[in-house]
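Take a look at the structure below.
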């Protein structure tokens, strides 16, 4: 035992003998995917999963997103009991039924879309959000049905609809049942448009596949979070198909807004204020204070 170990507390001495590796509770620290800074997880959550150092937007749970976006105390979850079935008895490397059970257990959600009614700066609103951790936020029958019901409720209440997308696209395990949701949700949005009810689509990282080809890009205003990956197929698939080298970052939100594919980029921490302002304009109402 050297002189330094002699003056250490027994606990510090034990940690020192273990290479200085004390037992840190799991989930307390998280490394930023942008700048590499090790962040205190509770602080990151308070900042809506945005790195306070570099502004990198980490994935955020759908429930946390909606609860932070809508006015506190105004939210009501709708159609919470809806969950997928397995009419095709589909099986790839696993049974679809087993994938559903695993996704429900890991996320605590019945399916990949949450729907809530509430208020934004005092204005009634319908809001939906994709849970990417649930099978990649894929759109199956339940997701399509909940989105359509949300659009129909927004139409009946004459309140705006806001959707936060984070998805890999259509759910392959539901085959044509999944692809049908592209037409179903698009038709519901057409009815909103005809009635003059605003729909704002917020594209978060990532938004791809059948969702980007339907409800994702049909907003009266299409908003994106910074550096979000947005597109139909992935970059490698496109390059292999066209056999050309494409511009770096051509599917990122910054490239898309520069070329007119989306309308604007909004930091997650400013989303409430910006969307309240936009809805005030779209609904021809006084701007919220």
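In this note's numbering, the protein residues as written are 54 to 342.
Ideal Cβ positions, reconstructed from N, Cα and C, are used throughout, including at glycine.
If you're wondering where the values come from, they're calculated on a predicted model, not measured in any experiment.
Measure the C-alpha to C-alpha separation of residue i and residue j and round it to an integer number of angstroms.
{"i": "residue 320", "j": "residue 121", "result": "14 Å"}
{"i": "residue 269", "j": "residue 130", "result": "21 Å"}
{"i": "residue 330", "j": "residue 313", "result": "21 Å"}
{"i": "residue 289", "j": "residue 303", "result": "12 Å"}
{"i": "residue 275", "j": "residue 216", "result": "10 Å"}
{"i": "residue 340", "j": "residue 326", "result": "At residue 340 the pLDDT is 48, less than 50, meaning the model places this residue with poor confidence; the figure from the coordinates comes in the next sentence. Spanning the two alpha carbons is a distance of roughly 10 Å."}
{"i": "residue 333", "j": "residue 175", "result": "11 Å"}
{"i": "residue 254", "j": "residue 143", "result": "31 Å"}
{"i": "residue 201", "j": "residue 212", "result": "14 Å"}
{"i": "residue 245", "j": "residue 82", "result": "43 Å"}
{"i": "residue 324", "j": "residue 92", "result": "22 Å"}
{"i": "residue 259", "j": "residue 188", "result": "13 Å"}
{"i": "residue 230", "j": "residue 140", "result": "9 Å"}
{"i": "residue 228", "j": "residue 318", "result": "33 Å"}
{"i": "residue 195", "j": "residue 208", "result": "20 Å"}
{"i": "residue 135", "j": "residue 116", "result": "16 Å"}
{"i": "residue 337", "j": "residue 243", "result": "20 Å"}
{"i": "residue 342", "j": "residue 307", "result": "Confidence is the limiting factor: at residue 342 the pLDDT is only 48, short of 50, which leaves the residue's position unreliable and the question unanswerable from this model."}
{"i": "residue 161", "j": "residue 111", "result": "20 Å"}
{"i": "residue 292", "j": "residue 127", "result": "46 Å"}
{"i": "residue 403", "j": "residue 133", "result": "With the chain covering 54 to 342 only, the question about residue 403 has no answer from this structure."}
{"i": "residue 114", "j": "residue 97", "result": "13 Å"}
{"i": "residue 109", "j": "residue 305", "result": "13 Å"}
From which residue to which residue does the alpha helix (DSSP H) around residue i run?
{"i": "residue 262", "result": "262-265"}
{"i": "residue 83", "result": "Not the alpha helix (DSSP H): residue 83 falls in the beta strand (DSSP E), residues 82-84."}
{"i": "residue 329", "result": "324-335"}
{"i": "residue 291", "result": "288-295"}
{"i": "residue 299", "result": "Unbroken run through residue 299: none, as it is neither H nor E."}
{"i": "residue 233", "result": "228-248"}
{"i": "residue 118", "result": "115-122"}
Would you please state the rounded distance, in angstroms, between the beta carbons of residue i and residue j? I believe it to be under 8 Å.
{"i": "residue 8", "j": "residue 281", "result": "The chain is shown from 54 up to 342; residue 8 falls before or after that span and cannot be answered."}
{"i": "residue 99", "j": "residue 80", "result": "Rounded, the Cβ-Cβ distance is 15 Å, inconsistent with contact."}
{"i": "residue 322", "j": "residue 101", "result": "6 Å"}
{"i": "residue 119", "j": "residue 182", "result": "5 Å"}
{"i": "residue 256", "j": "residue 218", "result": "5 Å"}
Since residue i sits in a beta bridge, which residues does DSSP pair it with?
{"i": "residue 180", "result": "169, 215"}
{"i": "residue 305", "result": "282"}
{"i": "residue 144", "result": "148"}
{"i": "residue 192", "result": "223"}
{"i": "residue 129", "result": "170"}
{"i": "residue 312", "result": "None; residue 312 has no bridge partner."}
{"i": "residue 110", "result": "103"}
{"i": "residue 252", "result": "214"}
{"i": "residue 153", "result": "The partner list for residue 153 (beta bridge, DSSP) is empty, contrary to what the question assumes."}
{"i": "residue 317", "result": "276"}
Need the endpoints of the beta strand (DSSP E) that residue i sits in, please.
{"i": "residue 277", "result": "274-277"}
{"i": "residue 103", "result": "Segment: none, residue 103 is in no beta strand (DSSP E) and carries neither H nor E."}
{"i": "residue 91", "result": "91-93"}
Can you confirm whether residue i, when its beta carbon is compared against all beta carbons of chain D, has any partner nearer than 8 Å?
{"i": "residue 290", "result": "You won't find chain D in this structure, because it holds only one protein chain."}
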